[in-house]
Every structure is written in C-alpha cells, then in structure tokens.
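Chains A and B supply the protein sequences, listed in that same order.
Under the working numbering, the first sequence has 152 at position 152, and the numbering climbs by one with no breaks.
To convert, count from 1 in the second sequence and add 172; that's the working numbering.
Glycine included, every Cβ here is placed at the ideal spot set by N, Cα and C.
The structure presented is a predicted model; accordingly, all values stated were derived computationally and were not measured.
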Amino acid sequence: MIRDDEAATERRITCSVNGERITATVPVRQHLVDFLREELGLTGSHIGCEHGVCGACTLRLDGVPVRGCLILAVQADGAAVETIEGLTESGEIAELQRIFVARNALQCGFCTPGMLITAAELLRRPRPMTRAAIREHVAGNYCRCTGYQAIVDAIAMAIEARLTAETGGGDR
Amino acid sequence: MKAPAFAYARPATLEAALALLERHGEEAQILAGGQSLMPSLAFRLSAPAILVDINRIAALQGIERQGDDIRIGALTRHAEVERSDIVRADLPLIAAAISHVAHPAIRNRGTFGGSLALADPAAELPACAVALEARLVLASAAGRRTVAARDFFRGLFQTDRRPQEILIEALIPRQRAGQRSVFLELSRRHGDFAVAGIACQADFAAHRLAALRLVVFGSEPYPRLARHAAAAAGAAAPGDLGELVAEALARDLDPIEDQHGGRAMKRHWAQLLARRAMAQLAVA
C-alpha cells in the first residue's frame with residue numbers, strides 16, 4: 001500500500017462510476033476520460049481538444065460538471081463519477097435528449113454528451129432564462145455543426161417544459 | 173497530447189505537502205484545481221518530476237470574515253466564491269469578476285489560490301487582489317510570510333512565491349462605506365480569456381473621488397496599480413474624470429502583443445474601459 005504522501009507513478013483507486021463501485025490500478029498521468037474510455041469502455045465522454053477548451057469530455061464529479069480531461073483518474077479516488085451513459089440510464093435527462101433530437105440540436109453528435117451534461121445543470125433548478133444567459137452557460141462547450149441556434153432553442157424548450165411541469169401547466 | 177510521466181503524491185496535511193516541496197524543490201509542481209496545469213502538461217510545456225496534489229488539505233478551504241478582512245483559503249473553488257454570501261456582501265469587485273473566470277465546469281475545479289499563484293496575465297483574480305490591497309499568505313517548512321498582492325506579482329507568470337512555498341490564503345479587506353468598485357472585461361466570448369479588462373476600487377469622501385486603485389489586466393504582462401491614472405483621478409473634476417484618467421493611464425501601460433492585437437490596440441481597449449469604468453464609478 002502506497003502512503004498518500006509518498007510519490008508514486010501508479011495508484012490503486014476506488015470510485016463510483018454511474019453508481020457502480022470500481023476499483024482499479026491507474027497510471028497517475030492518466031486523465032479521467034482516458035480511464036473511462038480505455039479501461040471501462042465508457043466512450044460517451046468524448047476527447048476533443050484534450051486541454052480543457054472544447055467541453056466534449058464534460059462529466060460530473062461529485063455531482064458537478066467538470067472537464068474530464070483536466071482531472072487525473074487518480075484524483076477520482078473516493079469520488080462519484082457520472083457520465084452521459086449514467087445520466088441516460090437514470091432517465092434524468094431523457095426529456096432534454098428527446099428535445100435535442102426533435103429540435104435537431106445536433107448534427108455529428110460529437111459535442112452532444114458534454115452539451116447535455118452542461119445544459120442539464122439549468123434543469124436542476126429551472127428558472128426562466130434569456131437566450132443570452134443560456135448561451136453564456138454553454139459558452140464552454142464547442143459545437144462546430146449547428147451554429148448553436150438549435151441547441152439554445154432546445155435548452156430553452158427544455159427549461160420551459162420543466163417550468164410548466166412544475167407549475168402544473170398553468171399560465172405564468 | 174498526453175501528459176509526460178511524473179510521480180504523484182497527495183498529502184493530507186499542509187505540513188506533509190511542505191515537506192514534499194522542501195525535498196523536491198523546483199522538480200515539484202503543486203496541483204490545485206489543475207485547470208491550467210493539466211493543459212500545460214498536455215502540451216508538454218511543463219514536465220515536473222512530481223505533482224503534489226493539495227486537494228485533500230482541508231485547512232486550505234473556506235471563506236470567512238476575520239475582523240475587517242475576508243479570508244479566502246487557497247483551495248476555494250471559483251464556484252464557491254461565486255455562491256458566497258460573504259463575497260457578495262463584502263467583496264463586490266470579486267463578486268463581479270468571478271463569473272468572468274472561464275466557464276462553469278472550469279469554475280467547479282479551478283481555485284482562488286491557484287489563479288493567484290499562476291499569475292496568468294489574462295486572469296481576473298490577480299488584478300482584483302491588487303486593486304483591493306489583498307495580502308497573500310505563503311507557507312513553507314521554514315514558516316509563514318505575508319506579502320502584499322502589489323508586491324507579489326513580478327512579471328509575466330512571475331510571482332514572489334518560492335518553489336518550496338504554497339500560497340495558502342488571501343486576506344482581502346472588505347469594502348467599506350464610501351468605497352465603490354467596478355469590474356469590466358472584453359473577451360471574444362463570455363468566459364474566454366480576457367483581451368483587456370479593468371478591476372478598480374475607489375474611495376470617496378464627501379462625494380469626491382479621494383483615491384483610485386485601478387489595475388489593467390489581459391493586455392498587460394502582470395497586474396499592478398496604475399499610478400498616473402490614480403494621480404489624475406485625485407485631481408480631476410467629476411465631469412472630466414473619464415477623459416483625464418484614460419489619458420493618464422496611457423503612461424501606466426506596457427501592453428503585450430498577441431493574437432488579439434498589437435500594442436496600440438491594447439492601449440486603446442484599456443483606455444476605452446477606463447472611461448467606462450470612471451462613468452460607472454461616478455453614477456454608482
């Protein structure tokens with residue numbers, strides 16, 4: 001067993017990935033997305049720029065969205081990781097996904113997992129938002145196909161749908 | 173690209189982290205939020221022998237009032253600063269600046285101390301620290317010392333921190349009655365690196381501007397007080413404030429050229445923002 005304050009190039013980690021307990025030995029230089037994709041076969045987190053600019057690798061670490069390429073796998077030791085696979089399976093973002101399809105908010109789909117995880121934050125505590133505020137929220141996620149218009153539409157529709165559901169469908 | 177090979181340790185206490193830095197010196201890099209360090213590893217701009225991950229050191233967390241200061245622990249995430257009632261009430265300049273710090277997913281990891289210690293010229297928080305006369309506390313195995321923010325930043329990515337030291341907290345005087353602050357930033361998209369920005373705080377006495385601490389960032393190599401602008405502000409009649417400060421500011425500037433523009437363009441943006449900032453101060 002390697003002590004925490006001892007320098008090591010490999011380390012044993014235990015974390016929860018989409019609710020499942022995972023134990024593995026990881027090279028300390030491996031980032032979290034490589035670990036998820038290469039070791040666990042969870043290829044929904046995409047690797048775009050691999051330096052924190054594009055947002056394609058966005059996932060949740062202990063409940064909040066982070067760039068998966070800017071976290072080492074070893075840093076997920078003891079943490080809860082949620083990927084697009086987990087959020088899809090749980091149904092949390094089912095409606096958002098349905099609206100993304102309905103509104104054509106994706107073309108090649110490369111940015112979509114990260115875009116969905118980023119947008120899902122706006123549905124956790126939904127409040128009316130301007131298009132400008134939605135754009136600002138997703139500014140850290142690149143899409144090179146859609147020009148963002150349809151993505152902003154879809155997120156606005158999902159917020160609207162969530163607010164309507166919460167107020168019982170009445171006029172606001 | 174993938175990061176080069178390195179060793180990794182994650183001490184649970186400040187003492188253990190400082191012992192590691194003492195042993196490894198310049199071969200070590202401190203891993204806090206990692207939002208700048210990880211890209212620099214991926215680009216192989218940085219090749220430390222060992223990463224000292226300080227994320228598990230509980231003593232570096234938290235935001236609290238300490239007399240007239242607000243203490244912000246070095247490991248406090250930008251997202252925590254953004255949500256903090258103390259920051260909103262007592263440090264309005266930082267409250268205004270923090271949403272400009274990158275994007276939500278980055279703010280969930282990036283740390284207050286990391287931003288100060290890196291001293292990226294485009295970063296918002298170093299400029300705020302100088303404008304607000306913050307004091308930064310540095311710890312090493314030998315002890316602690318406190319450095320005024322204005323003395324901490326030395327040049328492009330250059331600070332007064334020694335390789336064996338960890339920046340452990342910032343002590344920032346809370347905004348008093350009679351003080352006002354303005355934060356402005358130009359960037360290509362919200363959350364992108366600043367092309368130019370201004371962080372400033374002014375003291376007012378009897379409705380007249382008595383002192384101005386103005387820092388230009390993004391277009392300058394490192395944050396420092398604009399002395400000529402401050403002198404002009406002290407002498408200006410309210411109606412001329414923007415023009416006189418913008419004019420004097422030109423003598424404080426030493427713009428860096430980059431893909432966003434040359435020196436003349438950078439100077440223009442800084443002066444433009446200075447005029448806007450003075451207009452906002454006057455009506456605040």
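CA-CA distance, A:S45 to A:A139, rounds to 18 Å. Counting along the chain, the unbroken alpha helix (DSSP H) around B:F324 starts and ends at A321 to F324. When the beta-carbon positions are compared, B:Q373 and B:L288 stay at least 8 Å from each other. According to the DSSP assignment, B:A301 belongs to the alpha helix (DSSP H) that extends over E296 to A303. Rounded to whole angstroms, the gap between the alpha carbons of A:V66 and A:G114 is 10 Å.
Counting the other CB atoms within 10 Å of its CB gives B:I222 a total of 16 or more, which places it among the buried residues.
The stretch 177-197 of chain B and the stretch 219-233 of chain B touch, with three or more beta-carbon pairs separated by less than 8 Å. Judged by DSSP in its simplified three-state form, A:C111 adopts coil rather than helix or strand. Taken through DSSP and simplified to helix, strand or coil, A:C143 comes out as coil.
Three or more Cβ pairs closer than 8 Å define a contact, and the stretch 11-18 of chain A meets that threshold against the stretch 77-84 of chain A. The three-state secondary structure of A:S16, taken from DSSP, is strand. Along the stretch 2-23 of chain A, the positions whose C-beta sits under 8 Å from a C-beta of chain B are D4, D5, E6, A7, A8, T9 and R11, read in chain order.
Contacts between B:F389 and chain A, judged by CB atoms closer than 7 Å, are missing: the closest CB pair is about 20 Å apart. Across the set B:F329, B:S256 and B:G245, the C-alpha of B:G245 shows the shortest separation from the C-alpha of B:A306. Scanning chain A for C-beta atoms nearer than 7 Å to the C-beta of B:H362 yields E136 and A139, reported in chain order.
Listed by position along chain B, the residues whose Cβ is nearer than 9 Å to that of A:E50 are M173, K174, P211 and A214.
In this structure the stretch 197-209 of chain B does not lie against the stretch 148-156 of chain A, because fewer than three pairs of beta carbons, one per stretch, are closer than 8 Å. Using a 10 angstroms sphere on the CB of B:Q347, the tally of other CB atoms reaches 16 or more, which defines it as buried.
Between B:L445 and B:L356, the C-beta spacing is below 8 Å.
Each residue's CA atom was taken as its position, placing A:I22 and A:I2 some 19 Å apart.
Under the DSSP assignment, B:R352 falls in the beta strand (DSSP E) whose first and last residues are Q351 to L358. Take the alpha-carbon of B:E392 and the one of A:A165: they are about 50 Å apart.
Its Cα nearest to that of B:A442, the residue B:I428 stands out among B:I428, B:V455, B:R260 and B:E236.
Beta-bridge annotation (DSSP): A:L61 is paired with A:V64 and A:V81. Closer than 8 Å to the CB of B:D257 there is not a single CB belonging to chain A. In the assembly as shown, B:L328 is an exposed residue. Its beta-carbon has fewer than 16 other beta-carbons within 10 Å.
When secondary structure is reduced to three states using DSSP, B:Q336 falls in the coil class, being assigned neither helix nor strand. Membership of B:Q201 in the beta strand (DSSP E) is indicated by the continuous run A200 to L203.
The three-state secondary structure of A:T43, taken from DSSP, is coil.
For chain B, none of the residues of the stretch 94-116 of chain A brings a beta carbon within less than 8 Å of one of its beta carbons.
Between the C-alpha atoms of A:D34 and A:C69 there is a straight-line separation of about 8 Å. Put simply, the CB of A:Q149 is far from chain B, with every gap to its CB atoms at 8 Å or more. Listed along chain A is no residue with a C-beta nearer than 9 Å to that of B:Q233; the closest approach is about 14 Å.
Here DSSP, grouped into helix, strand and coil, assigns A:E6 to coil.
The Cβ atoms of B:M450 and B:L413 sit closer than 8 Å to each other. Following the DSSP letters along the chain, one finds B:V387 in no alpha helix (DSSP H) but inside the beta strand (DSSP E) bounded by residues R380 to F389.
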